[in-house]
Each structure stands twice: as structure tokens, then as C-alpha cells.
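Residue numbers (the working numbering), protein chains in the order written: chain A, 255 to 545; chain B, 98 to 349. Here a beta-carbon is modelled for each residue, glycine too, at the ideal position from N, C-alpha and C. As C-alpha cells, the structure follows; a few thoughts come after it.
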Amino acid sequence: MSFNAWPWFQIIASGFSLGSFYALVALGFSLIFGITRAFNLAHGEMIVLGGYLAFVLWKFYQVPFFLTLPPCLLAMAGLSLPLYLLLRRLKEPYALNTLVVTFGLALLLQNLMLVLFSADYRLLDSGLTSFTIPRIGITFSWNQGVLLLLSLLATAGVHLVLHHTFLGKALRATIQDWEAAQMAGINVKLMSFIAFGMGGMLIGLAGPLYGQNMYLYPTAGTEATLIAIIITIFAGVGRIRTLLLGGWLLGLMESAAIFTVGSKWRELVSAAVLVTLLYFRPEGISFRKPG
Amino acid sequence: MDNRPQICLKVSRLSKRYGGQQVLRDISFSLQEGEILGIIGPNGAGKTTLFNIITGWVPPSGGEVVFLGEKTTDWTPDRLCRGGMARTFQIPQVFPEMSVLENVMTGAWFGQQSRPSAAQARDQSRELLGLVELAAKEATPARELSLMQQRLLELARALATRPKLLLLDEVAAGLSLKAVKCLSNLILRLRTQGLTLLLTDHLLHLIMPVSDRLLALDQGEIIAEGSPQDLIQNPEVESAYLGVRGAAGEEG
């Protein structure tokens with residue numbers, strides 16, 4: 255009999271690594287939504303596409319897992335730019351119109367991935383092993399460690415840009431009030447362009463991590479989009495620390511559900527959290543205006 | 098050196114239609130450097146639409162705007178801001194999560210032609226906050242300010258962009274007579290520093306004492322133009338204006 259607290263350690267370890275990853279997933283979504291008001295329902299599909307790209311590089315070109323990250327980052331940032339140009343053409347009501355367009359894009363990407371990669375479940379094997387602490391019997395997988403570390407690094411990086419650079423000041427001003435930002439001389443179109451670029455890079459990082467920790471299949475993105483929306487509703491836009499807190503809470507709840515009642519209940523947790531959140535925050539992701 | 102006053106803003110044959118409704122018709126006027134021009138007119142006369150077109154928020158259906166010798170009709174608001182044109186809105190637009198000082202510094206950083214250092218931006222912003230009497234609140238988040246204070250904050254942020262032309266839309270709305278008096282003094286002080294101003298006000302107690310010249314707008318057209326004293330005696334202005342004020346009085 256090993257140390258009797260082990261499920262708690264597992265729940266906490268996997269909760270925090272999963273939660274940090276969820277924060278990363280939400281970060282790209284909330285950055286794009288906060289700055290451009292584009293509600294990107296294809297967010298999850300783009301992450302899964304990034305995951306497939308890493309999978310192909312790893313499987314067919316024997317690229318080691320860590321080396322798939324830079325090309326995925328670049329490719330997804332590159333793919334976000336046509337999306338930016340497409341969404342820029344839309345008229346008011348902007349958020350609603352982007353929702354409809356990106357819903358179509360999500361379906362398109364799902365079917366494209368179905369044709370290209372089939373409906374089989376794929377997993378990227380990064381070759382990392384797990385590590386068991388002797389006698390206590392606690393097992394810690396290095397995959398989880400990488401997930402935790404890279405997610406936190408990316409989140410901290412965005413936090414640093416937003417709070418300690420001129421660009422970040424302009425981005426935060428744009429998030430807080432689109433009109434005031436323009437009156438202060440901020441080029442909001444340029445900010446939108448940058449937001450899609452940064453969001454695309456975050457998607458490009460989340461993709462391979464997804465493929466390494468969860469199974470890739472063409473419709474897997476729906477859940478990632480749902481998670482991004484839940485955490486953004488919880489945190490509001492542009493609040494990275496709250497976003498991280500939201501990711502951790504959701505991650506801990508899901509991992510508690512997995513270890514106590516079984517993994518089939520995991521998705522129910524996020525759906526229940528969404529409904530509960532909307533009960534207490536009926537305004538959803540809408541922007542707070544003063545006065 | 099040429100000592101003649103330069104034209105700061107020239108608006109020619111501006112018009113705006115929304116669907117079948119003609120909101121502005123054939124508006125032409127010009128504004129010299131250092132001048133204060135007031136635009137008066139009842140609610141719905143087209144004052145705000147005119148402001149929105151000049152500052153690049155709304156494209157006109159016809160006509161053009163020339164600012165400091167350049168045709169700026171299709172410039173974006175932020176480009177106009179960096180080019181020296183600042184404005185305020187009727188409902189103040191501030192950055193709710195930033196402190197009062199940060200709000201003004203944002204204008205100093207991004208709105209000037211060349212970016213000042215952090216220390217310069219802070220000094221300039223503190224000076225402006227002193228000017229609008231918000232210095233004591235510099236650390237307060239902007240969302241906690243009253244509507245009046247937000248309006249003054251928006252004015253300070255506009256000034257932080259170092260404008261040559263400042264457009265104030267209904268800046269006196271809802272202010273007490275004493276506050277209006279302070280604001281008039283502030284406006285006259287700004288003019289001595291070389292600022293050109295375009296104001297709207299649908300009540301007259303701010304615009305009358307400070308304006309060099311008034312333009313009366315009614316139903317999208319200029320119905321009269323002249324000195325404040327001349328204009329207020331113009332029978333057409335009186336009927337457009339007092340008619341509406343009388344009706345508003347009946348409602349209340």
C-alpha cells in the first residue's frame with residue numbers, strides 16, 4: 255500500500271498542468287476577442303490543426319517533438335492573418351457576424367481535417383517518460399511537466415508584453431475602450447493585426463501540446479473552444495492572472511472528476527461550469543462600460 | 098515670415114445621408130489658427146455628425162475636409178490625432194481599468210507626433226491633471242470617477258496628445274454654472290497657448306462668452322453665421338433655438 259494521499263497529489267498535479275494549458279487555450283481566444291471583438295468559434299479547430307501539423311512533422315519526418323513547436327507557431331500565426339483580413343471586411347453587428355463566419359470556418363476545418371487525417375485518434379509521443387518517487391509511489395509524468403511549464407511560460411510572456419511594453423499599453427488601452435484608444439492616437443487596426451499574430455502563435459503552441467497530451471481527432475476542437483469561452487467569461491478580457499486562476503479551477507475540477515468518478519464525466523464538468531457561470535454572470539463576455 | 102493667420106481647418110460642401118435621411122447638407126466653413134468657433138443648434142441639428150466626420154469617425158457622403166493644408170477626409174481618427182486633431186465625446190470615453198494618470202499618459206505616449214519619454218509623459222500628464230483639477234485623483238481608477246470628472250479626464254487626455262485643433266462636443270452638458278465658468282477660463286487659457294477650438298453646445302452659457310464666431314446649424318444646414326452678439330439676435334436662430342427650448346420646457 256502506497257502513501258494514502260496519492261490521488262490528491264495526482265489530482266493536483268494533473269489539475270494544475272491541465273489548468274495551465276486551459277489558460278493558454280483561453281489566452282489566444284481572449285486576446286483576439288478583447289482587441290478585435292472577433293468571436294472566433296474556430297479557435298479550437300485551429301489548435302487541433304496545429305496539433306495535426308506537429309503530428310505529421312513528427313510521424314512522417316521524424317521531427318522531435320520540441321522542434322515541431324517553432325514551425326507550428328509560425329504556421330498558425332501565418333494562418334491567422336488571412337482570417338484577420340477576412341473578418342476585417344465584416345460590418346456591424348461585428349461580434350455576431352464574426353461568430354457566424356467562424357462557425358462556418360470551424361465546420362470547414364473539421365471536414366478538411368477529416369479528409370486529410372481520417373477520424374482516427376492520434377497521439378504525439380514526445381518520448382518523455384514518467385517518473386515515480388520511490389516508496390511514496392507518486393508518479394509524475396514529464397509530459398505533464400512540459401505542458402505545465404510551456405503553458406506558464408507563454409502566459410507569463412504575454413503578461414510581460416501587456417504590462418511592461420509600449421505595445422502592451424496600446425493593446426490594453428484597445429481592450430478597455432476601442433474609441434478612447436483611437437482618440438489617444440492608437441492605431442487600432444495595427445493592434446488587431448498584432449492580436450491575430452499573437453493569438454495565432456499561442457494557437458500554434460497549444461496545438462502540439464494538445465497532440466502530446468490529449469487525443470487529436472477532427473472534431474476535438476469544439477471542446478477547446480468551449481473551454482476558451484468558459485474561462486474568458488470567468489476572467490473577462492485582458493486579465494491574465496484571473497485567466498490563469500480560471501484555468502486552474504477548471505483543470506482541478508476536471509481532474510478531480512476524472513480521478514473520482516471517471517474520465518467520461520470530464521466534459522460534463524466544463525459544461526456544468528459554463529451553465530453555472532452564466533447563471534451568476536448573465537452578461538457573459540460583454541464589455542463593461544463605465545457610467 | 099507670413100504674419101497672416103493660417104487656415105487651420107477648411108470644410109467644403111460636406112454632406113451626410115443615412116438611408117433616405119439627409120443629416121448634413123452642403124456644410125462649408127473654415128477656421129483660422131487660434132480661433133474659437135462655436136457651433137450651436139438644437140438637438141438633432143447635425144452637430145455631432147459634423148464632428149464625427151471632421152474627426153474621421155464617420156465618412157461623409159460628399160464634400161471634403163482639409164486640416165492644416167492636407168486633405169484628411171479619409172484619415173482614421175488615430176491618424177488625425179497624431180496629426181494634431183483631438184476631440185472629446187458627449188459621453189466621455191475613458192480607459193476604465195487604468196488610473197487617471199495612466200489615462201492621460203496614454204494620450205501623451207501614443208497621440209503625439211514623436212513619443213515622449215516616460216518621465217516627460219508623466220510630467221506633462223500631471224500638469225494637465227492640475228489644469229483640469231484632477232491632480233488629487235491621479236491614482237484612482239477612471240471607472241470610479243463621476244461623469245463630470247470623466248469628462249475632464251477625457252479633456253486632459255485630449256490635451257496630452259498636443260493638439261493644434263481641439264473639438265469639444267457638448268463639453269458643458271450637465272455642468273453647474275460655476276463649473277462652466279472654470280471651463281470657459283480654461284478654454285480661453287488654452288487659446289493663448291495657440292490652440293484652435295471648435296465647440297458645440299446646445300445651451301449657450303459656455304459657448305457665448307468664449308467663441309469668436311458662431312455657426313448656427315438647424316436640420317443639417319447652416320442657417321446663420323456671425324459674432325455671438327449678432328447671431329443671438331437673428332430671428333431665424335431664435336425660432337430654431339427658442340422654439341426647441343420652449344418645447345423642452347413644456348415637457349419638463
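Leaving out the 5 sequence neighbours to the left and right, which residues in its chain are closer than 8 Å to residue i when beta-carbon positions are compared?
| i | result |
| --- | --- |
| A329 of chain A | G304, L307 and G458 |
| P156 of chain B | I150, T170 and D171 |
| L506 of chain A | I265, I266, G269, F270 and G273 |
| E251 of chain B | T185, F186, P189, Q190 and V191 |
| A489 of chain A | A280, S284, T496, L497, L499 and G500 |
| K168 of chain B | E161 and V162 |
| V412 of chain A | L281, L285, M452, L456 and I494 |
| F394 of chain A | A267, S384, F385, T386 and I387 |
Buried or exposed for residue i, please, with buried defined as at least 16 other CB atoms from any protein chain shown within 10 angstroms of its CB.
| i | result |
| --- | --- |
| V354 of chain A | exposed |
| T386 of chain A | exposed |
| R315 of chain A | A quick correction: the sequence has Tyr, not Arg, at residue 315 of chain A. So Y315 of chain A ends up on the exposed side. |
| I265 of chain A | buried |
| D220 of chain B | exposed |
| A345 of chain B | Since pLDDT at A345 of chain B reaches only 46, below the 50 mark, its modelled position is unreliable, and no value is offered. |
| N441 of chain A | buried |
| P388 of chain A | exposed |
| D379 of chain A | exposed |
| K518 of chain A | exposed |
| Q80 of chain B | Lying before the first or after the last residue shown, residue 80 of chain B is absent from chain B, which here runs from 98 to 349. |
| F420 of chain A | exposed |
Is there a C-beta anywhere in chain B that falls below 7 Å from the one on residue i?
| i | result |
| --- | --- |
| G439 of chain A | yes |
| Q316 of chain A | no |
| E537 of chain A | no |
| A267 of chain A | no |
| E346 of chain A | no |
| A489 of chain A | no |
| A449 of chain A | no |
| D379 of chain A | no |
| W262 of chain A | no |
| F257 of chain A | With a pLDDT of 48 at F257 of chain A, under the threshold of 50, the predicted position of this residue should be treated as unreliable, though the coordinate-derived value follows. False, the Cβ-Cβ gap to chain B never drops below 7 Å. |
Just reading off the beta strand (DSSP E) that residue i is part of, what are its end residues?
| i | result |
| --- | --- |
| D266 of chain B | L262 to D266 |
| M182 of chain B | M182 to T185 |
| A525 of chain A | Here A525 of chain A belongs to no beta strand (DSSP E); instead the alpha helix (DSSP H) covers R520 to F534. |
| G112 of chain B | Per the sequence presented here, residue 112 of chain B reads as Ser, with Gly not at that position. Residues I104 to Y115. |
| R259 of chain B | No beta strand (DSSP E) holds R259 of chain B; DSSP gives it neither H nor E. |
| T293 of chain B | T293 to T297 |
| I429 of chain A | Element bounds for I429 of chain A: not the beta strand (DSSP E) but the alpha helix (DSSP H), F420 to Q430. |
In terms of alpha-carbon separation, which member of the options lies closest to residue i?
| i | options | result |
| --- | --- | --- |
| R288 of chain B | B:E199, B:G131, B:L121 and B:L106 | B:G131 |
| D327 of chain B | B:V277, B:L311 and B:T173 | B:L311 |
| Q103 of chain B | B:A269, B:Q316 and B:L292 | B:L292 |
| P332 of chain B | B:A313, B:G317 and B:E318 | B:A313 |
| V229 of chain B | B:K278, B:G138, B:P193 and B:G181 | B:K278 |
| T473 of chain A | A:S372, A:A331, A:V412 and A:G391 | A:S372 |
| L294 of chain B | B:E194, B:S109 and B:R259 | B:R259 |
| E322 of chain B | B:A233, B:D298 and B:I137 | B:I137 |
| G227 of chain B | B:L283, B:K261, B:D315 and B:G153 | B:L283 |
| I124 of chain B | B:R248, B:I320 and B:I304 | B:I320 |
| Q398 of chain A | A:G411, A:F309, A:G381 and A:A410 | A:G381 |
| H173 of chain B | A:S384, A:R426 and A:G439 | The question names His, yet the displayed sequence has Thr at residue 173 of chain B. Of the listed residues, the one whose Cα sits closest to T173 of chain B is A:G439. |
| L480 of chain A | A:L421, A:R342, A:L504 and A:Y375 | A:L504 |
| P325 of chain A | A:F450, A:F293 and A:V310 | A:V310 |
| F320 of chain A | A:V515, A:A478 and A:G465 | A:G465 |
| A257 of chain B | B:S243, B:A236 and B:Q209 | B:Q209 |
| T152 of chain B | B:S324, B:L262 and B:M305 | B:L262 |
| M437 of chain A | B:D266, B:R176 and B:S158 | B:R176 |
In chain order, what residues of the same chain have a beta carbon less than 7 Å from the beta carbon of residue i, not counting five sequence neighbours either side?
| i | result |
| --- | --- |
| G501 of chain A | G273, S274, Y276, A277, A280 and I485 |
| L121 of chain B | L111, S112, K113, G143, T146, L147 and G317 |
| F513 of chain A | P261, Q264 and I265 |
| S509 of chain A | I265, S268, G269 and L272 |
| R212 of chain B | W206 |
Which first and last residues belong to the alpha helix (DSSP H) in which residue i is found?
| i | result |
| --- | --- |
| D123 of chain B | Unbroken run through D123 of chain B is the beta strand (DSSP E), Q118 to Q129; no alpha helix (DSSP H). |
| R176 of chain B | P174 to R179 |
| A236 of chain B | Per DSSP, A236 of chain B belongs to no alpha helix (DSSP H) and is neither H nor E. |
| R223 of chain B | A215 to L228 |
| F192 of chain B | Where F192 of chain B is concerned, there is no enclosing alpha helix (DSSP H), given that its DSSP letter is neither H nor E. |
Counting only the same chain and skipping the five closest in sequence on each side, list residues whose C-beta sits under 6 Å from that of residue i.
| i | result |
| --- | --- |
| A360 of chain A | L295, A296 and E299 |
| I448 of chain A | none |
Examine chain A for any beta-carbon lying closer than 7 Å to the beta-carbon of residue i, and answer yes or no.
| i | result |
| --- | --- |
| P174 of chain B | yes |
| E194 of chain B | yes |
| A345 of chain B | Its pLDDT being 46, under 50, A345 of chain B is placed unreliably by the model, and nothing is read from it. |
| F207 of chain B | yes |
| R219 of chain B | no |
| G181 of chain B | no |
| V120 of chain B | no |
In chain order, what residues of the stretch 411-438 of chain A put their CB closer than 8 Å to some CB of chain D?
-> This model lacks chain D altogether; the protein chains it does include are A and B.
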